[in-house]
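Report on the structure given below.
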Amino acid sequence: MGASCLDFVEKLTALTAMAFATTAPVLGRGPSTRRDLVVLRAPHGQHFARLGRSPWRGASLLPTHLHGKRLISTHHRLPRLLCQQKREERTLPESEAVQEIARWSDERLLQLTLTGPLSEAAPSSVKHPQALPQWRRLGELLVTQLGIREMSRDARVRIFQYYLPLFFWMRETMHRVRKSRDTDADPRHGVVIGIQCPQGGGKTTLTTALEQLFREVRLSCVVLSIDDFYWTRAQQQALADSHRFNPLLQMRGNPGTHDIELAMQTLTQLVRRPVDGEEATVAVPRYDKSAYNGRGDRAPPEMWPRVHRPVDVVLLEGWCLGFRALPPNAPALHEQAIRANGLVEVNQLLQEELSRLYGLLDAFVVIGLEGDDTHRALQVVYDWRLQAEQEMRAQGKDGMTDEQVRAFVDKFMPAYHAYLQGLYDGPPLLGDRSRELRFRINRSRQPTRRTRI
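Anchor point for the sequence shown: position 265 equals 265 in UniProt numbering, and the numbering is continuous, going up by one each time.
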């Protein structure tokens, strides 16, 4: 692709983003999208080079990962005139990291894939030499997507001992779930996999990688966040007014600030085949966190991307996903309620609202914080957020001060302290151990150990 063509792509993508309100994108299905046209993607809120940080998940359109082997597919389809050749995949010079993976011996790659903390979770079908070409090919894909130029130890662990084993577990679990269904009586085609991880733990990068991996193996995938289902600004204000003495409900974030009916409707429609007379696409809600000076509002429905259904895999991530309400007389609830005014009401809303989502999950992944003392381990959530804001300020972007970061994270801590330990040590959320995976990550966001259920 020539320089002039790339300039044209960048200009057109900028215009597309500005005209986003009148052109709702349609999410394609599978890697065939990538072969039909040039499509670009960067994780939302990251690498949004020319237009600032993206207010909507998946709204990033600019070509910021052009140094890799191929351009990465996105939800947002650009016109076919973007320098495309029919049914031809675009390639670019390989990075040093891709070339290094290609040079690895089978013995080295096999040892790498079998020695990580999540290797036990990967199915037996990918634990033999015949599966190494698949590991190698998908590893090269991730290197390209993530913009990795050097295969450091951190990069090797992240790709071959974290992202790929988790992907293989998800794919195997998806197949088992679908086989277990009564296809005549069950209208669902796809599966919903929940992912719980504290803020700053790398959910966005992880789910972006998983989405691309599923598409690479010709399985359609949509990533949603619990954040996508926050109440509208007006509804959130009404909630705050009706609980004006509860500091935990004055802004979005805690259980009780989400539109669970909308979430359940969206998830159900995404995985079901349309029947006669129903729309073949589903509008996926998006939330604009930049609206109202950062207080946020739901994006107008005409700006929501539309998804072809049924989707094979829906990934739903959230910091509080999987939290279970405590009994009213639980000592832990009253202990935390003394420290944080308003937790009793949040606990009730968790029981009445958020927990209703769990019945729609087919599998669940818990990415926990390393450390035997969960309360002490939560300090890393502050550190991760501070790191992100400091990096933004260093780049000349608007970012919260250290004091603002602490005040922001403080509002989530009562729920973390009340529910996280039960999530880590409690029974499986879905009642089936084979459909739940739990492991811990360290401060570098690398897996350290799998935990038993």
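For glycine and all other residues, C-beta sits at the position ideal for the given N, C-alpha and C. From a predicted model like this one, the values you see are computed outputs, not experimental measurements.
Residue i vs residue j beta-carbon contact at 9 Å
i, j, result
"residue 488", "V346", "One cannot answer for residue 488 here, as it falls past the ends of the chain, which runs 1 to 453."
"C221", "L315", "yes"
"A325", "P414", "no"
"V191", "V271", "yes"
"A283", "W304", "yes"
"F245", "G342", "yes"
"Y230", "D259", "yes"
"T173", "I193", "yes"
"R306", "T232", "no"
"K203", "S180", "no"
"E391", "M400", "no"
"T205", "L110", "no"
Anticipated Cβ contact below 8 Å, residue i with residue j, distance rounded
i, j, result
"V177", "D362", "5 Å"
"M251", "R286", "Going by Cβ atoms, the distance from M251 to R286 rounds to 19 Å, so no, they are not a contact pair."
"L142", "A209", "6 Å"
"V157", "Q387", "With a Cβ gap of about 19 Å, V157 and Q387 do not count as contacting."
"G201", "I441", "6 Å"
"T374", "Q421", "5 Å"
"V381", "Q199", "6 Å"
"E211", "E150", "About 24 Å separates the two Cβ atoms, so there is no contact after all."
"V344", "L333", "7 Å"
"Q336", "H243", "That belief does not hold up - the Cβ atoms of Q336 and H243 are roughly 17 Å apart, past 8 Å."
"R385", "V409", "6 Å"
Same chain, Cβ closer than 6 Å to residue i, five either side skipped, listed in chain order
i, result
"V365", "I195 and L437"
"M18", "Only weak support exists for where M18 lies, its pLDDT of 42 falling under 50; the coordinates are left without a value."
"T207", "V223, L315 and E317"
"R433", "I453"
"D227", "Y287"
"A155", "I148"
"Q379", "none"
"L112", "F160"
"V405", "R385, L386 and E389"
"W319", "P198 and Q199"
7 Å Cβ shell around residue i - same chain, five flanking residues per side excluded
i, result
"L138", "L164, L213 and E216"
"G371", "A377"
"P187", "R272 and R273"
"L81", "The predicted position of L81 is uncertain, since its pLDDT is 33 and thus under 50; no value can be drawn from it."
"P79", "Annotation note: pLDDT 35 at P79 (below 50); position unreliable, coordinate value reported separately. Answer for P79: no residue qualifies."
"R136", "I101 and L109"
"A121", "P165, W169, L437 and R450"
"V98", "K69, E140, V143 and T144"
"R29", "Any reading at R29 needs caution, since the residue's pLDDT is 43, under 50, leaving its predicted position unreliable; the model's value is listed next. Cβ within range, chain order: S220 and H308."
"residue 473", "Nothing can be reported for residue 473, as the shown portion of the chain is limited to 1 through 453."
"Y419", "F323 and R324"
"D276", "none"
Residues of its chain near residue i, where Cβ-Cβ distance is below 8 Å and the 5 sequence neighbours each way are ignored
i, result
"K411", "P247, L248, M251, G253 and N254"
"P428", "F364, R435, E436 and I453"
"M264", "R356, L357 and L360"
"Y424", "V366, G368, T374, R438 and T451"
"T448", "P117, E370, F439, R440, I441 and N442"
"L267", "V192, L224, V314, L316, L357 and L360"
"H175", "none"
"D106", "P129 and L132"
Residue i Cβ short of 8 Å to the ligand FMN heavy atom set
i, result
"R108", "The model on display carries no ligand, and the ligand FMN is accordingly not part of it."
Inset, instruction - Decide yes or no for the touch test of the stretch 98–116 against the stretch 159–175: beta carbon pairs closer than 8 Å, at least 3 of them. - result: Look at the beta carbons and you see the stretch 98–116 touching the stretch 159–175: at least three pairs across the two are nearer than 8 Å.
Inset, instruction - Scan the stretch 199–254 and note each continuous alpha helix (DSSP H) run of 4 residues or more that stays entirely inside, going in chain order. - result: Listed in chain order, the complete alpha helix (DSSP H) runs (minimum 4 residues) inside the stretch 199–254 are 203–216 and 233–242.
Inset, instruction - State whether the stretch 346–355 contacts the stretch 322–337, with contact taken as three or more CB pairs (one from each stretch) at a distance under 8 Å. - result: Pairwise C-beta distances place the stretch 346–355 in contact with the stretch 322–337, as three or more of them are shorter than 8 Å.
Inset, instruction - Say whether the stretch 167–177 touches the stretch 123–133, bearing in mind that this needs 3 or more beta-carbon pairs closer than 8 Å, one atom from each stretch. - result: Taking a cut-off of 8 Å for Cβ pairs, the stretch 167–177 and the stretch 123–133 touch, as three or more such pairs fall below it.
Legend entry - Within the stretch 353–399, ranges of the alpha helix (DSSP H) (whole runs, at least 4 residues): Here the runs fully enclosed are 374–377 and 379–394.
Legend entry - 4-residue-minimum alpha helix (DSSP H) runs that sit fully inside the stretch 310–349, ordered along the chain: Taken in chain order, the unbroken stretches of alpha helix (DSSP H) that lie wholly in the stretch 310–349 and span 4 residues or more are 331–339.
Legend entry - Ranges of the alpha helix (DSSP H) found wholly within the stretch 153–180, counting only runs of at least 4: Listed in chain order, the complete alpha helix (DSSP H) runs (minimum 4 residues) inside the stretch 153–180 are 153–158 and 164–180.
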